[in-house]
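The next block holds one structure in the form of structure tokens; read it before the comments.
Protein chains: 2
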Amino acid sequence: MSNVIRDAKEPMHWDEEVDVLVIGLGVAGAAAALEASSLGADTLVLERAGGGGGTSAMSGGVVYLGGGTGLQKACGFEDSAEEMFKYLMASTGLSPDEAKIRLYCEGSVDHYDWLCAQGVPFKQTYYHGTSGEPPTDDGLVWSGAENVHPFREIARPAPRGHVPQVEHQGGPLLMAKLCAAVDASPARVAANHRCTALYQNSDGEILGVAARYFEEERRIRARGGVILTTGGFVLNDEMLLNHAPLALRCGMRVAAAGDDGSGIRLGVAAGAATIHMDAISISLPITQPWALKRGILVNRQGQRFINEDTYYGRLGEAALLHQDGQAFLVVDDGTFEKPEYMEAIAGVGESPEELEQALKLPPGSLQSTLELYNRHAENGSDPLFHKSTDYLERLDRPPYGAFDCTTEKALYAVFTLGGLQTDTEGRVLDPEGDVLGGLFAAGRSTSGIAVGGYSSGLSLGDGSFFGRRAGRTAAAFRK
Amino acid sequence: MSNVIRDAKEPMHWDEEVDVLVIGLGVAGAAAALEASSLGADTLVLERAGGGGGTSAMSGGVVYLGGGTGLQKACGFEDSAEEMFKYLMASTGLSPDEAKIRLYCEGSVDHYDWLCAQGVPFKQTYYHGTSGEPPTDDGLVWSGAENVHPFREIARPAPRGHVPQVEHQGGPLLMAKLCAAVDASPARVAANHRCTALYQNSDGEILGVAARYFEEERRIRARGGVILTTGGFVLNDEMLLNHAPLALRCGMRVAAAGDDGSGIRLGVAAGAATIHMDAISISLPITQPWALKRGILVNRQGQRFINEDTYYGRLGEAALLHQDGQAFLVVDDGTFEKPEYMEAIAGVGESPEELEQALKLPPGSLQSTLELYNRHAENGSDPLFHKSTDYLERLDRPPYGAFDCTTEKALYAVFTLGGLQTDTEGRVLDPEGDVLGGLFAAGRSTSGIAVGGYSSGLSLGDGSFFGRRAGRTAAAFRK
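Chains as they are written, first to last, in this note's numbering: chain A, 147 to 625; chain B, 147 to 625.
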């Protein structure tokens with residue numbers, strides 16, 4: 147069935163009419179609904195699952211915020227919108243959306259306050275470590291590559307991961323609070339409603355949607371606009387094959403059942419443009435114990451390819467996009483520790499040569515790499531990749547071993563970053579850059595802040611931030 | 147102005163009615179028009195330039211064909227559709243379209259005969275060398291990576307570049323012959339006609355187009371279908387930024403003026419799906435003298451990253467996509483020759499250490515790389531990247547030098563490979579994979595055979611091959 151019902155004309159029979167219709171109740175949908183309803187718009191959220199939460203509720207709950215939030219100040223960290231802007235422009239991929247990033251950085255302190263006002267609790271304490279899913283209930287965490295090369299030289303580092311106050315996984319709490327806020331707002335939520343098509347008139351404007359509620363099909367008019375907040379497409383194999391085939395090799399797709407690209411496909415059928423559809427976030431968790439960063443990551447040629455101390459949201463990208471998912475983490479007896487997320491041992495050896503053979507690396511390659519690495523490490527330098535001196539030491543104590551970081555054996559966690567093209571107000575654009583009237587989008591059904599080089603919290607961050615803006619814009623259009 | 151005029155209804159006033167309307171007269175458009183008109187369809191081609199040719203006429207003219215063509219046989223090369231299929235499936239990117247490749251290989255011998263029948267001359271001689279633009283008027287040439295690692299181990303190598311009989315650049319001759327064939331056919335060509343919008347009815351079907359002829363706007367009905375053969379989008383900076391930003395760093399965009407993505411945008415506005423929009427062909431011409439392949443390519447870390455003897459359509463991809471466009475071709479006095487397309491010397495030195503310093507590479511890095519390379523080259527092996535023994539020799543005769551292969555200093559030639567999603571019959575698909583009625587496409591306005599790992603001749607090849615199929619399908623729909 148087609149995703150778009152063309153030539154829709156008023157008057158027609160609608161089962162329901164609202165000002166703002168939000169499709170999907172993850173973090174972007176909740177933010178859009180809260181904002182639109184707070185402005186007096188009659189707001190309805192359709193959620194295809196039995197209840198709200200989506201992928202946001204399965205996440206670590208980190209929200210990437212900065213510029214001097216209350217939490218950053220409470221923890222004694224200085225930050226500014228400008229430093230945050232410099233970091234994001236440098237770190238989030240090849241062609242980040244400058245206008246969105248600028249707004250996001252300038253509005254970040256306010257957005258933190260807004261999240262607090264919705265009831266999301268942030269403990270005013272700092273977790274000493276880097277993680278997208280910190281194990282404590284501390285509120286502030288490093289969730290990116292701010293304090294490693296090359297970003298520490300580009301922008302003054304500050305931790306910007308803001309985590310709801312709960313141990314381990316903040317996503318469920320974040321969404322519980324936001325869904326409770328939606329429930330307490332004038333906005334209404336209709337669960338088990340799947341949007342199946344957009345109604346589009348001959349001017350290209352979106353008038354409303356067709357939605358399925360069990361066996362029933364309902365037509366819902368959206369006077370101000372339809373806001374698509376339906377998530378990404380990491381569960382849609384065909385879309386991955388067509389846009390981001392490497393994602394198919396990752397063992398873990400970070401997704402709720404709704405991440406099948408339905409909202410993106412709805413928009414495309416109506417003539418919307420998509421951008422950065424190849425962009426994916428790929429994590430290779432070399433995390434705790436942190437000392438593992440003293441090891442070296444090598445490819446199939448026995449060569450290093452990145453500073454091992456960078457954020458694990460960047461390690462996966464380096465390994466999968468540029469090394470064909472072929473990587474080993476080499477340690478010696480002095481650096482060996484039992485890692486949290488890696489199990490497979492790729493090989494061991496009493497000497498670099500033996501390990502090289504065990505890993506089936508080209509003769510001499512790993513030996514050569516280790517020799518050069520050790521020579522510089524001894525002097526506290528890493529001129530190839532600029533790993534921090536905190537993690538630089540000679541690897542020369544046998545036995546040697548390697549953890550298997552190939553896609554077949556390690557945990558590569560992936561989700562999609564590309565989607566509908568939107569402007570800073572959440573309006574969906576057509577291929578000429580013109581607004582497709584009546585259609586809005588936010589969250590991972592759009593391309594947002596990150597188009598590569600992922601820092602944790604950017605999706606919950608831009609989803610909620612631009613979700614609010616979309617809600618505001620749509621509410622302003624209500625008739 | 148919008149690219150689509152929705153809710154178009156019959157009867158309406160059309161300035162002209164035809165069976166098949168082709169937009170753009172490059173190789174794909176010529177093939178579509180020839181095929182459609184040969185089947186009795188009243189066929190009109192709109193070309194926005196003053197005459198036909200497009201990017202095809204600016205190309206080397208190589209058509210990638212095989213499976214045992216008359217030319218291959220005349221030159222004494224054995225080939226089969228199966229070996230060609232294996233090579234293309236392995237070499238053309240991460241998720242090639244198997245169905246298209248299968249058809250293309252099986253139909254390749256016939257397609258060669260068809261090109262001959264249109265008057266394209268192929269001298270029945272073999273050029274000993276690898277090139278997308280051979281300097282002689284020989285007909286057959288290696289135009290890919292068939293005979294280097296890893297492809298020589300995957301499929302039995304055969305040269306498949308079929309070049310029109312003219313020295314240096316075959317594209318103008320190829321298009322002169324095909325345009326002459328169109329002129330001699332019942333198909334008509336209207337130059338200086340720019341298609342500005344598609345007329346779409348409420349079922350989503352494309353009825354015809356609006357076209358601008360100087361100051362006049364004309365409406366043209368296409369009873370069987372509109373075939374978009376408008377080329378890629380490498381001249382559209384905004385589309386590159388949104389889909390393939392690395393292309394913006396390449397010094398040479400292989401394009402006629404029409405490659406601004408207009409046909410892709412027309413299709414998207416009407417609800418068509420696009421795929422592989424990030425895919426680009428990037429050449430870094432390390433060509434004649436071939437002996438330069440005896441040098442080694444190193445990145446900013448002084449590491450090798452590819453077998454230097456592979457096809458230059460692959461070298462650019464390796465250097466730009468995976469090494470950030472940072473590469474040097476290192477030679478010694480024994481391997482130095484004056485290259486054809488490289489001018490900038492990045493550095494010289496009396497020793498590897500001096501060259502390393504001149505190139506500002508990390509201390510010891512190039513020395514370490516050369517030491518390992520030389521040790522293996524002495525034994526006639528390259529266990530890291532498997533360069534052919536033809537080009538393996540120690541680099542140890544001072545002085546040493548490096549050609550600058552960074553994007554800033556070397557010739558990176560780029561064009562786009564992504565576009566509208568079509569099936570094997572040339573029909574344009576919507577995001578659900580359903581046919582968008584009345585709309586067809588071929589050539590670089592679509593995603594074709596190659597979605598990476600370019601071999602020369604694939605675009606002229608799939609453009610003409612699937613252009614013919616689109617012409618046939620559209621002709622069959624005429625009412």
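Ideal Cβ positions, reconstructed from N, Cα and C, are used throughout, including at glycine.
- Neighbours of HIS468 (chain B) in chain A, taken as residues whose beta carbon is under 9 Å from its own, are LEU467, HIS468, GLN469 in chain order.
- Nearest Cα to TYR519 (chain A) within the set B:ALA523, B:SER511, B:LEU516, B:LEU234: B:SER511.
- Here DSSP, grouped into helix, strand and coil, assigns ARG411 (chain A) to helix.
- The C-beta of ASN388 (chain A) comes closer than 7 Å to at least one C-beta of chain B.
- Listed as beta-bridge partners of PHE451 (chain A) by DSSP are no residues whatsoever.
- Looking at the DSSP output, PHE549 (chain B) bridges to B:LEU475, B:ILE491.
- Residues of chain B whose Cβ lies closer than 7 Å to the Cβ of ASN149 (chain A) are, in chain order, PRO577, GLU578.
- By the neighbour-count criterion, in which 16 or more other beta carbons inside 10 Å mark a residue as buried, MET158 (chain A) falls on the exposed side.
- When DSSP assignments are scanned along the segment 312-390 of chain B, the uninterrupted stretches of alpha helix (DSSP H) that are 4 or more residues long and fall wholly within it turn out to be 317-330, 383-389.
- At a Cβ-Cβ threshold of 7 Å, ILE428 (chain A) and GLU483 (chain A) do not count as neighbours.
- Taking every protein chain shown into account, the CB of HIS314 (chain B) has fewer than 16 other CB atoms within 10 angstroms, so this residue is exposed.
- Within the same chain, ILE410, VAL414, GLY564, GLY565, LEU566, GLN567 come within 7 Å of THR420 (chain B) by CB-CB distance, once the 5 residues on both sides are set aside.
- With respect to the 7 Å criterion, ALA291 (chain B) and PHE223 (chain B) are not classified as neighbours on the basis of their beta carbons.
- In the DSSP assignment, GLU162 (chain A) falls within the beta strand (DSSP E) that extends over 162-169.
- The C-alpha of LEU582 (chain A) is placed about 17 Å away from the C-alpha of GLY350 (chain B).
- Taking C-beta atoms as the reference points, THR342 (chain A) and ALA322 (chain A) fail to come closer than 7 Å.
- Considering only B:GLY617, B:HIS532, B:PRO509, B:PHE612, the residue with the shortest C-alpha distance to CYS251 (chain B) is B:PHE612.
- Counting along the chain, the unbroken beta strand (DSSP E) around GLU193 (chain A) starts and ends at 189-193.
- The Cβ of ASP405 (chain B) sits no closer than 7 Å to any Cβ of chain A.
- Counting only the Cα atoms, GLY598 (chain A) lies some 4 Å from GLY239 (chain A).
- The three-state reading of DSSP puts PHE586 (chain B) in strand, counting E and B together.
- Proximity to VAL312 (chain B) across B:GLY207, B:LEU538, B:ARG302 peaks at B:GLY207, based on C-alpha coordinates.
- For SER605 (chain A), the closest Cβ of chain B is not nearer than 7 Å.
- In the DSSP assignment, ALA559 (chain A) falls within the beta strand (DSSP E) that extends over 559-562.
- In this structure, DSSP gives LEU530 (chain B) a state outside helix and strand, which the three-state scheme calls coil.
- At a beta-carbon threshold of 9 Å, none of the residues of chain B lie near ASP455 (chain A); the nearest stands roughly 16 Å away.
- ASN525 (chain A) is classed as exposed because its beta carbon has fewer than 16 other beta carbons within 10 Å across all chains shown.
- For SER241 (chain A), a Cβ of chain B is located within less than 7 Å of the residue's own Cβ.
- When 7 Å is used as the limit between beta carbons, SER511 (chain B) is near these residues of chain A: LEU518, LEU530, in chain order.
- Spatial neighbours of GLY197 (chain B) in its own chain (CB-CB distance under 7 Å, excluding positions within 5 residues in sequence) are listed in chain order as ALA337.
- Chain order gives the chain A residues near MET423 (chain B) as MET423, where near means a beta carbon separation below 7 Å.
- The DSSP-derived three-state label of LEU575 (chain B) is strand.
- Distance between TYR258 (chain B) and TYR272 (chain B), taken at the CA atoms: about 16 Å.
- With contacts defined as CB atoms closer than 7 Å, GLY471 (chain B) and THR552 (chain B) qualify as a contacting pair.
- SER427 (chain B): not part of any alpha helix (DSSP H); member of the beta strand (DSSP E) spanning 426-429, first to last residue.
- Against chain B, the CB of ALA415 (chain A) has a partner CB under 7 Å away; the residue lies at that interface.
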